[in-house]
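Using the working numbering, the letters of the sequence shown map in sequence onto residues 29 to 597. Take a look at the structure set out below.
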Amino acid sequence: MPATTMAGSSSTGNLHHRHHHCILFLLPCLQFALHLVNGGGIPTTLDGPFTPATRAFDRSLRQGSEDVPLSDPRLAPRARPPSPEQIALAASADPTALWVSWVTGRAKVGSHLTPLDPAAVRSEVWYGERPSPSSSGHPPHPHVATGSAEVYSQLYPYPGLLNYTSGVIHHVRLVNLTPATRYYYRCGDSSLDGGLSDERSFRTLPAPAPDAYPRRVAVVGDLGLTGNSTSTVDHLARNDPSLILMVGDMTYANQYLTTGGKGVPCFSCSFPDAPIRESYQPRWDGWGRFMEPLTSRIPMMVIEGNHEMEPQGHGGAVTFASYSARFAVPAEESGSHSKFYYSFDAGGIHFIMLGAYVDYNSTGSQYSWLEKDLQRVDRGVTPWVVASWHSPWYNSYSSHYQEFECMRQQMEGLLYQHGVDIVFSGHVHAYERMNRVFNYTLDTCGPVYITIGDGGNIEKIDIDHADDPGKCPSPGDNTPEFGGVCHLNFTSGPAKGKFCWERQPKWSAFRESSFGHGILEVVNSTYALWTWHRNQDTYGEDSVGDQIYLVRQPDECLVQSTTMTSPDW
């Protein structure tokens, strides 16, 4: 692996001392320790905190690429109504259930539209543990589940803007499944000629247990639908994950006018006279078709980003219509009753998906739900707790610098108190991994924060750091699209009295401006391997942009009693 992926360590110590907790899982840890002794070269968080490192930016990658046109075969309709398309899976709160979603019928774009009738077609999933003996067989599988259907509209009451109404969007929840088991299924309406999909299959996630984990968890953010996006998805697919985390900003449909045409990197720059931030909804349908080869066999868990807001109506009073309609998430099952935040289990990992664009204050419903959810976690069953939301709290790039400081101040203490292990975010179009940190202070019990907003979208890669000469934003910049502004000047340390550091902050371990995705492989209740794959690297086993073992220390990091005091900047 490249030497620059391994930031210098500021701490040293005895290998035996560092891995005293390996007695819990002796064989895997012993093999891992021998790997280190033999010069395996992969660092662990126990070797940190690391001296901040930045890999030099390759300017040939800055240009990015244009959006893939809807006429591309990967985005164009392949199924003829009433056959399903845009088939996607999502995990339920636990692996004994799973969501199946799809679209039937054709979306419409125009001025005066009549929506399709969602009651005119059934929502069925036929499934079983064996392949169907014949594609024409009826019933195709021994079990059938039914669900709900809906349509949504994106309406603009402004002259010259076109409206949109979707195809029929179906959601069916399969229950009483066996964890870690292969199932075969067909979805659609069995009463209609051609109403069922071709047979697909999926493997359920492992049951919650300290010795069972998803094989690989892919993490990607700010994906879009450009040539770079397709490279990211192709690379991700070759890594063969069993679960995908999509940390917001999926289609970038709002980089278009309602009339379509060509997407732009900056909507307000290119269309300064637009009466509202428009959104060309057929990009969602193209994205769903493009992702279907993955999402019809691997659960994809989403959380909203700012590009999913998509305001419509007079003054933009209605938001998130597409996000709310298109995705099934375990909101009811996890007790949140909101698609903007929820949780689920996959083997020994408890995943928490938080909303940065709904109320996150300590007096609100999301905070109350999060507190209860964290209190219910049994670390003897799910040792790992992984949280995700779109907008990062720790970020040394100029773009979105300190943008969600208000959310951090409201929620960080709660996550730290309950020992959250890893946090994934997007929003910033680059890669950055932090040292363990709490309240801007290096802390061996803080989470490892990772920004992975480099999926490949049309807005290009972020290259400026807030600590670069002349690149520090003003406190009036980076105003969030939701919530307040809580920008802070540092009160002590190297940047005392200033808004930005003059060198890479000590809580930033490694950063690089390249498109890519990440893979999390949990080994046992103590060790997890994190790998960041860059798009420009070959698909070889040793081609990685950043790689580190994340190590839990449950004996040293018990549930904390926290008070948010002035940080040691």
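We put the CB at the ideal spot given by N, CA and C, even for glycine.
Secondary structure of residue i, DSSP reduced to three states
{"i": "Pro30", "result": "Only weak support is given to the placement of Pro30: the predicted model assigns it a pLDDT of 38, under 50, and the value that follows is read from those uncertain coordinates. The answer is coil: DSSP assigns Pro30 none of H, G, I, E or B."}
{"i": "Tyr284", "result": "coil"}
{"i": "Ser176", "result": "strand"}
{"i": "Phe348", "result": "coil"}
{"i": "Arg562", "result": "strand"}
{"i": "Phe372", "result": "strand"}
{"i": "Cys434", "result": "helix"}
{"i": "Arg404", "result": "helix"}
{"i": "Arg87", "result": "helix"}
{"i": "Arg210", "result": "strand"}
{"i": "His335", "result": "helix"}
{"i": "Asp398", "result": "Looking at the sequence itself, residue 398 is Leu, so the reference to Asp does not match. It is helical."}
{"i": "His342", "result": "helix"}
{"i": "Gly481", "result": "coil"}
{"i": "Gly441", "result": "helix"}
{"i": "Ala353", "result": "helix"}
{"i": "Ala104", "result": "coil"}
Residues near residue i in its chain [Cβ-Cβ closer than 6 Å; skip 5 each side]
{"i": "Phe53", "result": "Only weak support is given to the placement of Phe53: the predicted model assigns it a pLDDT of 39, under 50, and the value that follows is read from those uncertain coordinates. The answer, listed in chain order, is Asn552."}
{"i": "Tyr180", "result": "Ser194, Ala349, Ala353"}
{"i": "Ile486", "result": "Asp95, Gly252, Thr254, Tyr280, Gln283, Gly291, Pro293"}
{"i": "Ser39", "result": "In this prediction, Ser39 scores a pLDDT of 38, lower than 50, which makes its location untrustworthy; no coordinate-derived value is stated."}
{"i": "Trp312", "result": "Thr279, Ala281, Ser350"}
{"i": "His214", "result": "The sequence given here places Arg at residue 214; His does not occur at that position. Closer than 6 Å at the Cβ level, and outside the excluded window around Arg214, lie Trp154, Pro168, Leu224, Ser225, Glu227."}
{"i": "Ser611", "result": "In this structure the chain extends from 29 to 597, so residue 611 is not present and cannot be described."}
{"i": "Leu220", "result": "Pro110"}
Delimiting residues of the alpha helix (DSSP H) encompassing residue i
{"i": "Tyr192", "result": "Run containing Tyr192: none in the alpha helix (DSSP H); it sits in the beta strand (DSSP E), 191-193."}
{"i": "Trp599", "result": "The question about residue 599 has no answer, for the chain in this structure spans 29 to 597."}
{"i": "Thr260", "result": "255-266"}
{"i": "Gly138", "result": "Segment 136-138 is the beta strand (DSSP E) holding Gly138; no alpha helix (DSSP H) there."}
{"i": "Arg311", "result": "310-323"}
{"i": "Phe78", "result": "Segment: none, Phe78 is in no alpha helix (DSSP H) and carries neither H nor E."}
{"i": "Phe379", "result": "From DSSP, Phe379 is part of no alpha helix (DSSP H) but of the beta strand (DSSP E) over 377-381."}
For residue i, the nearest candidate out of the options (CA to CA)
{"i": "Leu271", "options": "Phe230, Met278, Thr287, Leu251", "result": "Phe230"}
{"i": "Asp387", "options": "Val357, Glu360, Arg436", "result": "Arg436"}
{"i": "Gln114", "options": "Ala537, Ser364, Thr323", "result": "Thr323"}
{"i": "Glu584", "options": "Ile197, Ser257, Cys473, Pro503", "result": "Cys473"}
{"i": "Pro293", "options": "Phe466, Val137, Asp250, Leu470", "result": "Asp250"}
{"i": "Trp421", "options": "Gly376, Gln445, Ala359, Pro508", "result": "Pro508"}
{"i": "Gly376", "options": "Arg244, Leu382, Met337", "result": "Arg244"}
{"i": "Val200", "options": "Thr209, Pro187, Glu178", "result": "Glu178"}
{"i": "Thr209", "options": "Tyr192, Ile197, Ala235", "result": "Ala235"}
{"i": "Ala135", "options": "Pro185, Ala116, Leu190", "result": "Leu190"}
{"i": "His198", "options": "Ser129, Tyr192, Val247, Ser218", "result": "Ser129"}
{"i": "Tyr192", "options": "Leu141, Pro170, Pro242, Ser366", "result": "Leu141"}
{"i": "Thr72", "options": "Gln581, Tyr577, Pro582", "result": "Tyr577"}
{"i": "Ala240", "options": "Ala246, Asp490, Thr232", "result": "Thr232"}
{"i": "Arg562", "options": "Asp262, Met462, Met381", "result": "Asp262"}
{"i": "Ser176", "options": "Asn256, Pro146, Pro185", "result": "Pro146"}
Supposed close pair residue i, residue j - CB separation, criterion 8 Å
{"i": "Pro168", "j": "Gln532", "result": "In fact, because the Cβ distance is near 57 Å, the residues do not count as touching under 8 Å."}
{"i": "Val413", "j": "Asp449", "result": "6 Å"}
{"i": "Met274", "j": "Val330", "result": "5 Å"}
{"i": "Ser424", "j": "Ser536", "result": "5 Å"}
{"i": "Glu152", "j": "Asp217", "result": "6 Å"}
{"i": "Gly573", "j": "Tyr459", "result": "7 Å"}
{"i": "Gly276", "j": "Glu332", "result": "6 Å"}
Residue i - containing beta strand (DSSP E), residue span
{"i": "Tyr577", "result": "574-579"}
{"i": "Ser453", "result": "450-453"}
{"i": "Phe230", "result": "228-231"}
Neighbourhood of residue i by C-beta distance below 7 Å, restricted to the same chain and skipping five residues each side
{"i": "Lys499", "result": "Ser426, Asp492, His493"}
{"i": "Tyr429", "result": "Asn423, Ala494, Pro501, Asn506"}
{"i": "Asp471", "result": "Arg464, Val465"}
{"i": "Met337", "result": "Thr347, Phe348, Tyr385, Glu509"}
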